[in-house]
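Undergrad: Residue numbers (the working numbering), protein chains in the order written: chain A, 13 to 121; chain B, 351 to 465. Please read through the structure below; I'll follow up with questions.
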Amino acid sequence: QQQVKQSPQSLIVQKGGISIINCAYENTAFDYFPWYQQFPGKGPALLIAIRPDVSEKKEGRFTISFNKSAKQFSLHIMDSQPGDSATYFCAPLGNQFYFGTGTSLTVIP
Amino acid sequence: ETGVTQSPTHLIKTRGQQVTLRCSSQSGHNTVSWYQQALGQGPQFIFQYYREEENGRGNFPPRFSGLQFPNYSSELNVNALELDDSALYLCASSPGGADSYNEQFFGPGTRLTVL
C-alpha cells in the first residue's frame, strides 16, 4: 500500500541548520496530517499535526507546511539540535494511520 | 500518570509457534491499536480495539488476532508464526471513542524474532 511516499530516506544537518522532510500522499480522504518522532528503542511520539483547512502550523522550532492541491506536506525543523537526531514519520489519517517509511535525521554538533 | 506499557520487551520464537503480546493502555484510554514495524520501515496498522470490540483492521491475515479486556488492556496473538513476522510490535492507546484515531500514545514495543 504505497499511499504515502516520504523523502529523503536519510538527512544529515549541521547544528543550527534547517531540516526539511517531505511527505506525498495519494488518498484525498486523508483528513489529519501528523508527524511522529521515534528514538531508538522507543515507540513513535506525536510531534506536530495539521488539519487540511490550514496551510501551515508552527510549534516552537517545528513547522508543518501543507499543500492540499499538490497532496504534499512537509516538516521543517529550524535551528536543528543534536537532540533532534531521530527517525521521523509522516502518518496521514484516513480510515487508519498510514505511516511513511521514515527519515533518519542526524544533526552534527 | 502511567504511560503505555508492553510485555515482554523481547521474544524469540520458532516458525510455526504461537505468540501472545500484551499491552496496558494509558490511564483513561479506552482505545488500543496494534502496529507491526519491520526493521527500517514505518509502523503498519494491524487492528484497533474499542470497548472490547475490534474496530478497524489493516491488511493482515486472520492468524493475527486480538483481545481487549474490561480494564482496556489488550493482547495481540499471532498463530503459525512465519519468518516475516519478525518485527517490532507497537501498541498505541488513545482517549475518546471509536472514531478517535487522534492523539495516539505509543508503548516502547515488543521485539519479536522468529527463527
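C-beta atoms are modelled at their ideal positions from N, C-alpha and C, and glycine is treated no differently.
(1) Bridge partners of P46/A, per DSSP?
(2) Using a C-beta to C-beta distance shorter than 7 Å, which residues of chain B count as neighbours of T113/A?
(3) Give the residues of chain A in contact with F456/B, contact being defined as C-beta atoms less than 7 Å apart.
(4) Comparing alpha-carbon positions, which option in G55/A, L23/A, V16/A and Q21/A lies nearest F45/A?
(5) With 9 Å as the threshold, decide whether the Cβ of A442/B is near any Cβ in chain A.
(6) Between the alpha carbons of K69/A and A61/A, how many angstroms are there, rounded?
(7) Relative to the C-alpha of L371/B, which residue among S357/B, K363/B, G378/B and S377/B is closest?
(8) With DSSP collapsed to three states, give me the class of G95/A.
(9) For F74/A, go through chain B and note every residue whose CB falls closer than 9 Å to its CB, in chain order.
(10) Quick test of your reading: S423/B and S383/B, contact by CB under 8 Å. State the CB separation rounded to the nearest angstrom.
(11) Alpha carbons only, please: which of G29/A, W47/A and A36/A is nearest the one belonging to A57/A?
(12) Can you list the residues of chain B that F124/A reaches, using a CB-CB cut of under 8 Å?
(13) Can you round the beta-carbon distance between L87/A and I24/A to whole angstroms, since I take them to be within the 8 Å contact cut?
(14) For H360/B, list the residues DSSP reports as bridge partners.
(15) Can you list, in chain order, the residues of the stretch 88-110 of chain A whose Cβ is nearer than 7 Å to any Cβ on chain B?
(16) Please state whether DSSP places L23/A in a helix, a strand or coil.
(17) Can you find a C-beta in chain B that's less than 9 Å from the C-beta of Q15/A?
(18) Classify Q93/A: buried if its beta carbon has 16 or more other beta carbons within 10 angstroms, exposed otherwise.
(19) Tell me where the beta strand (DSSP E) around A36/A begins and ends.
(20) Classify A82/A as buried or exposed, calling it buried when 16 or more other Cβ atoms lie within 10 Å of its own Cβ.
TA: The structure says:
(1) Within the first sequence, numbered from 1, the residue matching residue 46/A stands at position 34. In the DSSP assignment, the residues bridged to P46/A are A61/A.
(2) In the first sequence, residue 113/A corresponds to position 101, counting from 1. Near T113/A (Cβ distances below 7 Å), the residues of chain B are Q391 and G392.
(3) As a working mapping, residue 456/B is identified with position 106 in the second sequence. Within chain A, the residues near F456/B are G55, P56 and A57.
(4) As a working note, residue 45/A is residue 33 in the first sequence. Measuring from the Cα of F45/A, the nearest candidate turns out to be V16/A.
(5) Numbered from its first residue, the second sequence carries residue 442/B at position 92. Yes, contact with chain A.
(6) In the first sequence, the residue the question calls residue 69/A occupies position 57. In the first sequence, the residue the question calls residue 61/A occupies position 49. When rounded, the distance between both Cα atoms is 8 Å.
(7) Counting from 1 along the second sequence, the entry for residue 371/B is found at position 21. Selected option, being the one with the closest Cα: S357/B.
(8) For the purposes of this step, residue 95/A is taken as residue 83 along the first sequence, with counting starting at 1. Look at G95/A here: in three-state DSSP terms it is helix.
(9) The residue labelled residue 74/A in the question sits at position 62 within the first sequence. Residues of chain B whose Cβ lies closer than 9 Å to the Cβ of F74/A do not exist; the shortest such Cβ separation is about 17 Å.
(10) By one-based count along the second sequence, residue 423/B stands at place 73. By one-based count along the second sequence, residue 383/B stands at place 33. Contact flag wrong, Cβ pair sits at about 13 Å.
(11) Indexing the first sequence from 1 puts residue 57/A at position 45. Per the Cα distances, W47/A.
(12) Because chain A in this structure spans residues 13 to 121, residue 124/A falls outside the shown range and cannot be described.
(13) As a working note, residue 87/A is residue 75 in the first sequence. As a working note, residue 24/A is residue 12 in the first sequence. About 16 Å separates the CB atoms of L87/A and I24/A; that is not less than 8 Å, and the two are not in contact.
(14) Residue 360/B sits at position 10 when you count from the first residue of the second sequence. Answer is R461/B, bridged to H360/B.
(15) Cβ contacts with chain B: F101, L105, N107, Q108 and F109.
(16) By 1-based counting over the first sequence, the position of residue 23/A is 11. In this structure, L23/A counts as strand in the three-state DSSP scheme.
(17) Within the first sequence, the letter at position 3 stands for residue 15/A. No, Q15/A lies away from the interface with chain B (no Cβ there is under 9 Å from its Cβ).
(18) Counting from 1 along the first sequence, the entry for residue 93/A is found at position 81. The residue in question, Q93/A, is exposed, as its Cβ has fewer than 16 Cβ neighbours within 10 Å.
(19) The sequence position of residue 36/A within the first sequence is 24, counting from 1. It spans S31 to Y37 - the beta strand (DSSP E) in which A36/A sits, taken as one unbroken run.
(20) Sequence index remark: in the first sequence, residue 82/A carries index 70 (1-based). By the 10 Å Cβ count, A82/A comes out exposed.
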